[in-house]
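Line by line, the protein sequences are chains A and B. Letter 308 of the first sequence, counting from 1, is numbered 308 in the working numbering, and no numbers are missing. To convert a position in the second sequence, counted from 1, into the working numbering, add 339. No residue lacks a Cβ here, since even glycine has one placed at the ideal position from N, Cα and C. Single-structure report; data block below.
Number of protein chains: 2
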Amino acid sequence: MTTPRNRQVLLARRPAGVPQADDFELTSTPAVEPGPGQVRVRNAYLSVEPAMRGWVSAVANYSQPVPIGGVMRSFAAGWIDRSNVPDLPVGTRVTGSFGWQDYAVVEPAAIEQVVADEGLPLQAYLGVLGINGVTAHYGLLELGRPRAGDTVVVSTAAGAVGSCAGQIARLHGCRTVGIAGGEHKTRLCKDTFGFDVAIDYKAPDFNEQLAQACAGGVNVYFDNTAGPISDAVMGHLAIGARVVVCGTAALSSWSPWPQGPRVERHLLVKRASMAGFVIFDHPQHQPVARRDLVQWIRAGDLVYLEDVLDGLEQAPDAIAGLYRGENLGKRLIRIAELP
Amino acid sequence: MTTPRNRQVLLARRPAGVPQADDFELTSTPAVEPGPGQVRVRNAYLSVEPAMRGWVSAVANYSQPVPIGGVMRSFAAGWIDRSNVPDLPVGTRVTGSFGWQDYAVVEPAAIEQVVADEGLPLQAYLGVLGINGVTAHYGLLELGRPRAGDTVVVSTAAGAVGSCAGQIARLHGCRTVGIAGGEHKTRLCKDTFGFDVAIDYKAPDFNEQLAQACAGGVNVYFDNTAGPISDAVMGHLAIGARVVVCGTAALSSWSPWPQGPRVERHLLVKRASMAGFVIFDHPQHQPVARRDLVQWIRAGDLVYLEDVLDGLEQAPDAIAGLYRGENLGKRLIRIAELP
């Protein structure tokens with residue numbers, strides 16, 4: 001029995017801001033056998049998230065930072081190729097926080113989902129049926145609390161979370177306004193993701209377009225940016241508006257702490273609220289969200305895009321690429337063919 | 340029957356920022372008799388609120404601005420001295436938005452409270468039993484949702500709203516931290532209003548004192564400032580913190596729009612929320628709040644201070660004085676002795 005090599009992407013140093021390719025290094029060591037009560041997962045798809053910037057940052061965050069020299073933390077999907085757990089036979093398809101590596105030896109508790117055959121591809125469970133879709137579902141419905149007829153504005157609207165949030169809002173009878181960068185993404189918002197209005201934040205008349213699209217007031221703002229786009233939307237809140245703080249993609253560094261227009265007066269005058277969340281706090285919401293999402297996808301009511309890079313060597317630059325805005329849809333890295 | 344003179348304080352021009360004495364003018368005209376279905380109120384006490392800055396501002400707000408040449412909008416307490424309404428006989432004590440003037444002719448709908456004799460002075464119904472106490476009660480309990488053992492931080496803690504919010508938090512079993520300006524107000528917070536910790540924001544080691552007082556994290560922040568004090572507190576939020584945006588006293592102007600450290604990252608990492616409110620939206624909460632407040636005051640559990648200026652001619656400078664921090668407790672103007 002040959003021992004396969006386990007290629008790993010390690011965090012080589014603490015990045016300042018968005019992690020770049022040279023903040024990581026690739027190594028290769030023999031794959032480890034699982035111990036008693038453990039399984040070994042062969043990763044097929046690795047996930048790339050904007051939130052990874054936070055995971056490697058030493059600045060106050062919602063999780064311990066990835067240690068220097070440690071395997072980069074990541075969701076991944078694959079199959080069990082060695083098992084010392086009777087309930088998890090070889091071949092079982094799973095997702096979990098398995099890291100940027102070929103093989104992960106884990107306890108069963110580390111497995112997030114055992115993926116049953118629902119007629120959907122395995123990698124969907126990393127995106128629209130994984131962190132991205134569940135994040136959009138929880139944030140929009142639990143914190144945004146949209147009502148039919150509401151105007152719902154979504155930033156990074158062509159992204160994996162934003163496109164899903166916009167479609168869920170539309171499925172709840174809302175009028176949806178998507179904000180994205182560039183003509184191609186803007187068209188995608190309209191034509192593929194079905195936003196009622198799509199606005200290019202790079203357009204010279206962005207503020208005028210936004211004012212026109214939000215003339216009746218913004219009831220729900222689902223934000224992923226925390227930058228100038230957000231500041232522009234805050235000026236159009238309706239009375240009782242809910243602002244969902246899902247991400248801070250527009251902030252490239254937290255040192256010095258970024259400044260911006262104060263929000264207090266908007267919140268006061270509009271009796272509005274602004275709330276942040278971390279989806280890992282809400283595991284009980286995952287089955288609820290997945291049940292809805294699977295149903296909508298199968299009915300053709302919810303679509304998603306994937307941006308699949310081939311080969312583990314693509315991983316180190318993949319986060320920086322997200323922040324360069326080069327991907328359309330959920331970014332994944334394929335590192336093995338499913339058996 | 341002599342017709343009394345009705346002295347009025349009119350808004351002479353649109354102030355830039357905090358309204359100053361010379362933004363107003365005093366006039367005197369004969370008092371008007373009430374028409375059918377109307378009463379005339381003789382004002383005894385006029386109220387002075389930080390929110391008045393907003394009421395005279397043309398910038399987006401929660402109410403139409405006071406027109407130039409109009410009587411300054413204000414809560415007032417007095418008695419009915421002429422009545423064409425059988426249910427409201429002469430002598431009835433009332434509060435309402437009667438304006439900065441000696442006499443107000445109003446419909447019964449304009450009367451906010453008919454003040455029954457509860458053994459408390461009439462002017463209390465403008466402060467601790469009026470807008471200030473009801474604001475503190477609603478904001479703290481409905482938006483702050485304090486739980487016993489929570490650390491509750493209050494800014495402008497020696498003020499009419501802040502001191503009340505802090506005491507209500509203490510009565511709900513919370514540990515209370517009050518922030519006020521200067522040694523005298525800080526001592527007042529400790530000795531009179533019973534805050535567990537009181538911090539002088541003018542002290543050179545304010546940040547260190549705050550960090551020490553909030554080492555376990557801030558569960559509820561009741562803010563009246565929206566300035567550097569607020570920014571300092573935001574750095575100490577506990578997971579799941581609730582920030583209540585009650586006022587924006589630290590912002591002297593909204594043009595250009597004030598800048599400050601962005602709050603999004605705090606809200607996200609701490610799964611926190613920040614919500615504004617306008618107490619006039621919640622008339623149904625008034626009797627609930629007043630019942631609690633009357634009971635606490637009578638039991639000696641809740642104390643309040645008043646800062647009473649004598650004479651209508653004090654009114655024009657009274658708002659600016661609030662922002663200069665010269666008052667201790669609820670600022671009122673006494674313009675007539677109760678019969």
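Could you tell me whether the Cβ atoms of residue i and residue j are closer together than 9 Å?
i: B/L465; j: B/A496; result: no
i: B/R412; j: B/P358; result: no
i: A/A336; j: A/N6; result: no
i: A/F277; j: B/L607; result: yes
i: A/V66; j: A/L26; result: no
i: A/V294; j: A/L129; result: yes
i: A/S163; j: A/G300; result: no
i: A/P228; j: A/A249; result: no
i: A/G144; j: A/A169; result: yes
i: A/H266; j: A/L237; result: yes
i: A/Q209; j: A/A215; result: no
i: A/L423; j: A/W79; result: In the structure as shown, chain A starts at 1 and stops at 339, and residue 423 of chain A therefore has no counterpart that could be examined.
i: B/P447; j: B/D426; result: yes
i: B/A519; j: B/L510; result: no
i: A/V56; j: A/P15; result: yes
i: A/C246; j: A/D223; result: yes
i: B/N423; j: B/P369; result: no
i: A/P258; j: B/W596; result: no
i: B/P343; j: B/L661; result: no
i: B/I450; j: B/G438; result: no
i: B/Y442; j: B/V647; result: no
i: B/Q462; j: B/R637; result: no
i: B/V557; j: B/V491; result: yes
i: A/I319; j: A/I131; result: no
Could you round the C-beta distance between residue i and residue j to whole angstroms and report it? I think they count as a contact, below 8 Å.
i: A/D150; j: A/V220; result: 6 Å
i: A/V197; j: A/A213; result: 4 Å
i: B/V444; j: B/V371; result: 5 Å
i: B/T474; j: B/V500; result: 5 Å
i: B/V453; j: B/R421; result: Going by Cβ atoms, the distance from B/V453 to B/R421 rounds to 16 Å, so no, they are not a contact pair.
i: A/G240; j: A/R271; result: 6 Å
i: A/L312; j: A/V9; result: 7 Å
i: B/A628; j: B/H476; result: 4 Å
i: A/F193; j: A/G173; result: About 16 Å separates the two Cβ atoms, so there is no contact after all.
i: B/G602; j: A/V263; result: According to the sequence displayed, residue 602 of chain B carries Val and not Gly. The pair is a contact, with the Cβ atoms about 6 Å apart (cut-off 8 Å).
For the beta strand (DSSP E) that contains residue i, what are its first and last residues?
i: A/F222; result: 218-223
i: B/I672; result: 669-673
i: A/F24; result: 24-30
i: B/S386; result: 378-386
i: B/G483; result: Segment: none, B/G483 is in no beta strand (DSSP E) and carries neither H nor E.
i: B/A487; result: Segment: none, B/A487 is in no beta strand (DSSP E) and carries neither H nor E.
i: A/A17; result: It should be pointed out that residue 17 of chain A corresponds to Gly in this sequence rather than to Ala. Taken as a continuous stretch (DSSP letters only), A/G17 belongs to no beta strand (DSSP E), as it is neither H nor E.
i: B/G579; result: 576-584
i: A/G178; result: 175-180
Along the alpha helix (DSSP H) that carries residue i, what are the first and last residues, could you check?
i: B/M573; result: 567-573
i: A/Y138; result: 131-138
i: B/L350; result: Unbroken run through B/L350 is the beta strand (DSSP E), 344-350; no alpha helix (DSSP H).
i: B/L549; result: 545-552
i: B/R526; result: 522-530
i: A/V161; result: 160-171
i: B/R392; result: 391-394
Could you check if residue i is buried or exposed, using at least 16 other CB atoms within 10 Å of its CB as the buried criterion?
i: B/G409; result: exposed
i: B/D362; result: buried
i: A/D317; result: buried
i: B/S367; result: exposed
i: A/R13; result: exposed
i: B/Q440; result: buried
i: B/S402; result: exposed
i: A/D200; result: buried
i: B/S612; result: buried
i: A/G133; result: buried
i: B/E457; result: exposed
i: B/R663; result: exposed
i: A/I155; result: The sequence given here has Ser at residue 155 of chain A, not Ile. A/S155 should be labelled buried.
i: A/T2; result: exposed
i: B/A550; result: exposed
Check your understanding: Which parts of the region 63-112 of chain A are runs of the beta strand (DSSP E), unbroken and 3 residues or longer, counting only runs that do not cross its ends?
Key -> 76-83, 93-96, 103-106
Exercise for review: Taking only runs that begin and end inside the region 282-331 of chain A, name each unbroken beta strand (DSSP E) of 3 or more residues, in chain order.
Suggested key: 306-310
**Study point:** Continuous beta strand (DSSP E) assignments of at least 3 residues falling wholly in the region 597-621 of chain B
**Key:** 598-600, 612-615
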